[in-house]
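Take a look at the structure set out below.
There are 2 protein chains.
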Amino acid sequence: MATKTDKAWAEHALAALAEAGFKRGGARTAVVEALAGHSCAVTALDLDEELRRRRPAVGRASVYRALEQLEQLGLVQRLEVTRGTAGYERVEPDGEHHHHAICRDCGRMVPFEDSSLERAIAELSAEMSFEVTDHDVVLRGLCERCAN
Amino acid sequence: MATKTDKAWAEHALAALAEAGFKRGGARTAVVEALAGHSCAVTALDLDEELRRRRPAVGRASVYRALEQLEQLGLVQRLEVTRGTAGYERVEPDGEHHHHAICRDCGRMVPFEDSSLERAIAELSAEMSFEVTDHDVVLRGLCERCAN
DNA sequence: CTTCTTTATGAAAATGAGTCTCATTTCTGA
DNA sequence: TCAGAAATGAGACTCATTTTCATAAAGAAG
C-alpha cells in the first residue's frame, strides 16, 4: 500500500530466471509478482497465504521452491525475522542493499543502510582466508514505540 | 578436545545466574558446564543429546530454557547456524566478542573480530531511533577448503 | 499442430527444531 | 523443619520448512 509494485525488479527477476535456464511457470511468476509488491521482508507463509487464493492457487511447496531459486540467483535476500521464521525481500539490481533493525517485542523491522559499515565489511572480507559472497547484519533491540 | 573447558566462564555464568535471582538447579548447571566445554557454537539439540545420558538425565525443555536464560543475560550468543537451526556459544565476560563466517558448502564456521566493524555498528546504533542492544554479523561464502 | 521429454506444480504427508504442559522434585528463606 | 516458589523432565504439541509423488504445463522435435 505504501509502496507501489516494483515492476522493474519483477522484470529483472523474470529475465534472470529465464537466463538461468528455468522454464516459465505460473507459480514462480506469481511469487515474483508478489515479492515485487512488498518493499520489506515477507515470510514464506505470508506469501503462501497471499497466493493460495489465486486462480489457479499456488501451492506452498512452489512458494518455497521459488524463494530458494530466487535466493540462489541473488534476486532476494533471506533473513531471520524471528526465531525460526525467515523473511525474504527483493534485492535491487543496482547493488543497493540495506540491513535491518528488528524489534524484540513487536517484531517491527526498520531498514537502514550505512556506508561505513559496508566499507568495514568489504575490507574485512578482502583480508580473510574465506571467499565471502554475502553478509547479513541484524541489529536487535527495541523500536521507538516499544522502548518507552 | 582442542579446547579445554573454560572454567572461568562457567563460574562467571553461574555467578551471574545467581545474581539474577535464579535458584540453583542441576539441569541449568549441567548446561553451563557443557557450554564451557565447547569453544564454538553448538546447537541446542547437540547439547540435549550430550546431556540426556547424564545421571540424572537432563530434559530437552531444560536445555532450551537454560539457553534462553543465558542468552537474556548476555552470557551466550545465539546465531543461525544453518537454515532453521540455531547455535549457541559462550560470550567471554571481558566483553570481547566475535562474529562468524559460515561456509555455504560444508557449514564450517570461522570466527573473526574487527574493531572498525564494531565501531561502525556502535556509531550507527547511536544515531538510530531504535534502542539497539545486540547485533549479529554473519559473512557467508566458501571457506578456504571448499573454495578451490 | 502433435508428440515427446523435461520441468513445474500442488496436495498432503513427513520432518525437525523449538515450545508447552503438568505432575513431580528441589531450593531457600522463614 | 516447612511452606511456597522455582526448577525439572517426559512427552505431547506447534509450526516453519521439506519431501513425495502424481499430474499438468512448457519447450523441443518432428
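Protein chains in written order, with my numbering: chain W, 1 to 148; chain H, 1001 to 1148.
Note that beta-carbon positions come from the ideal geometry of N, C-alpha and C, so glycine has one too.
Contact between the stretch 1089-1103 of chain H and the stretch 99-118 of chain W is not established, with fewer than three Cβ pairs separated by less than 8 Å. For the pair residue 1027(H) and residue 1058(H), the CB atoms are nearer than the 7 Å cut-off. Per DSSP, residue 1075(H) has no beta bridge partner at all. Shown here, residue 1046(H) sits in a helix according to DSSP, grouped into three states. Classified as exposed, residue 1144(H) has fewer than 16 neighbouring CB atoms from the shown chains inside 10 Å of its CB. Interface with chain H (7 Å Cβ-Cβ cutoff): residue 66(W) is excluded. Of all residues in the stretch 108-140 of chain W, only 110, 112, 114, 116, 117, 119, 120, 121, 123, 124, 125, 128, 129, 130, 131, 132, 133, 134, 135, 136, 137, 138, 139, 140 place a beta-carbon less than 8 Å from a beta-carbon of chain H. Residues of the same chain with a CB within less than 7 Å of the CB of residue 135(W), apart from the 5 flanking positions on each side, are 121 in chain order. The Cβ-Cβ distance between residue 81(W) and residue 74(W) does not fall below 7 Å. Residue 1012(H) and residue 1119(H) have their C-alpha atoms roughly 27 Å apart. Residue 16(W) has a beta carbon lying at 7 Å or more from every beta carbon in chain H. At a Cβ-Cβ threshold of 7 Å, residue 1091(H) and residue 139(W) do not count as neighbours.
Against residue 1143(H), the close residues of chain W are 130, in the order they occur along the chain (beta-carbon pairs closer than 7 Å). For residue 1090(H), the enclosing beta strand (DSSP E) starts and ends at 1085-1090. The Cβ neighbour count for residue 1096(H), taken over all protein chains shown within 10 Å, is under 16; the residue is labelled exposed. Taking residue 40(W) as reference, the option from 51(W), 127(W), 79(W) with the minimal CA-CA separation is 79(W). Interface flag for residue 96(W) against chain H is unset, since no Cβ pair is found closer than 7 Å. The straight-line gap separating the alpha-carbon atoms of residue 29(W) and residue 43(W) is approximately 17 Å.
Nearest CB-CB separation between residue 147(W) and chain H: below the 7 Å threshold. For residue 1028(H), the uninterrupted alpha helix (DSSP H) segment begins and ends at 1026-1036. With its beta carbon at least 7 Å from every one in chain H, residue 57(W) lies outside the interface. Going by beta carbons, residue 32(W) and residue 16(W) fall outside the 7 Å limit. Among the residues of chain W, those whose CB is under 8 Å from the CB of residue 1080(H) are 80, following chain order. Per the C-alpha coordinates, the member of 1064(H), 1052(H), 1142(H), 1055(H) positioned closest to residue 128(W) is 1142(H). The continuous alpha helix (DSSP H) containing residue 1144(H) extends over residues 1144-1147. For residue 106(W), same chain residues with a beta-carbon under 6 Å away, outside a window of 5 residues either side, are 146 in chain order. Chain-order list of chain H residues neighbouring residue 20(W): empty, with the shortest C-beta distance near 18 Å, by a criterion of under 8 Å.
Scanning its chain for C-beta atoms nearer than 6 Å, with the 5 sequence neighbours on each side dropped, one finds no residue around residue 1025(H). Judged by DSSP secondary structure, residue 57(W) falls outside any alpha helix (DSSP H); it is assigned neither H nor E.
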